[in-house]
Amino acid sequence: MALRAALRSRSGLTGLLSQRSSCSSDIRMCVSPLLVPQQRNYSTPPKIRVEFDQSTGVAVMHMQSPPVNSLSLDFLTELCISVEKLEMDKSCRGLVITSAQPKVFSAGLDITEMYGKSPEHCGAFWRSVQEMWLKLYGSNMVTIAAINGSSPAGGCLMAMTCDYRIMADNPRYNIGLNETQLGIVAPFWFMDTMKNTVGQRTTEMALQLGLLYKPADALKIGLVDQLEPEDQVIAVATQTISRWLAIPDHARQITKSMMRKKTIDKLTSNRESDIQYFVNFITKDSIQKSLGGYMEMLKKRRA
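Here it is in structure tokens:
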């Protein structure tokens, strides 16, 4: 658990800051015990479940932090550890990321990690968000997001780190970076990731207006690459990945690295200043008041 300790000891906001709010397939595989999170000393179940099919070299990562896969510090730490284990296993060449929760891929950052917390805690949390992005965006594995539900804000960021995105063709779902609707500015690396995905002009419009796209509109602008019936998203993703695995690994990996290096280097060289900016921003009284109001709104919506 060295990574977990590092993330907590070290000390920029995403959009739909979720307080585990509601957002409106199972494949038989050979499970490698090394890739299943180890039993903890406390009773909470694992937030990440990984199934690895050694015959194909493809792992499926199921996010299972109810109700909406909020990106908490614990969740992000567990996700990073899981990705690191897969990267270390040379027989694992591909990763499908999906949700075990109904109707949602991930609702974004967990607001409880930022509201009423110390600057040190906020800094550790933001470092874990950075770490998740760095591990996925720079992964040597082929990565496919099987988006089987809504994916606003941090969920959208996670999906955009992947090489390919397949989304459920359900008009009730949406995806996008909607930070400005909450009076918040997406960090530069969120912006760069979206710009690399859909282009400069579309990103300017999307981020300034805080747009959330229905699946058909997301496909039209290139935010997702393919739509499939909801009950087939994961199966199609595991089939689609074979096209990528048919390419020699070294050629594909080097190409991916060259394409993404500038964006990755920009964050790694500004990591500490990005954390400090986030901490200074999120601990402002005005922002804390805004987050508190948002939490109250969620409580009334559930009541």
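Quick note: the sequence shown, position 61, residue 61 per the working numbering, numbers continuous. C-beta: ideal position from N, C-alpha, C; glycine also. On a predicted model such as this, the values are computed, not experimentally measured, just so you know.
- Beta bridge pairing from DSSP links Leu95 with Ala59 and Thr143.
- Within the same chain, Cβ atoms closer than 8 Å to the Cβ of Gly183 are found at Ser290, the five residues on either side in sequence being excluded.
- At the C-beta level, Asn69 and Ser106 come within 8 Å of one another.
- Where Val83 is concerned, there is no enclosing beta strand (DSSP E), although the alpha helix (DSSP H) around it starts and stops at Leu73 to Met88.
- In this structure the segment 86-95 does not lie against the segment 151-161, because fewer than three pairs of beta carbons, one per stretch, are closer than 8 Å.
- Counting along the chain, the unbroken alpha helix (DSSP H) around Leu291 starts and ends at Asp285 to Arg302.
- Put simply, the segment 258-270 touches the segment 174-191. At least three CB pairs are less than 8 Å apart.
- Under the criterion of beta carbons closer than 8 Å, Arg49 and Ala124 do not qualify as touching, at roughly 25 Å.
- The C-alpha of Val236 lies about 8 Å from the C-alpha of Glu228.
- Here Phe52 carries a strand assignment [DSSP, helix/strand/coil].
- As DSSP reads the structure, Tyr137 sits in no beta bridge.
- Contact check for Ala159 against Ile234 fails: the beta carbons are separated by 8 Å or more.
- Apart from sequence neighbours up to five positions away, the residues of its chain that approach Val104 with a beta-carbon distance below 6 Å are Cys23, Val68, Gly149 and Ser150, ordered along the chain.
- In this structure, the straight-line span from the alpha carbon of Phe75 to that of Gln200 is close to 31 Å.
- The continuous alpha helix (DSSP H) containing Met194 extends over residues Phe188 to Val198.
- Per DSSP, the continuous alpha helix (DSSP H) segment holding Met158 begins and ends at Gly154 to Met160.
- The segment 168-183 makes contact with the segment 207-223; the number of CB pairs closer than 8 Å reaches 3 or more.
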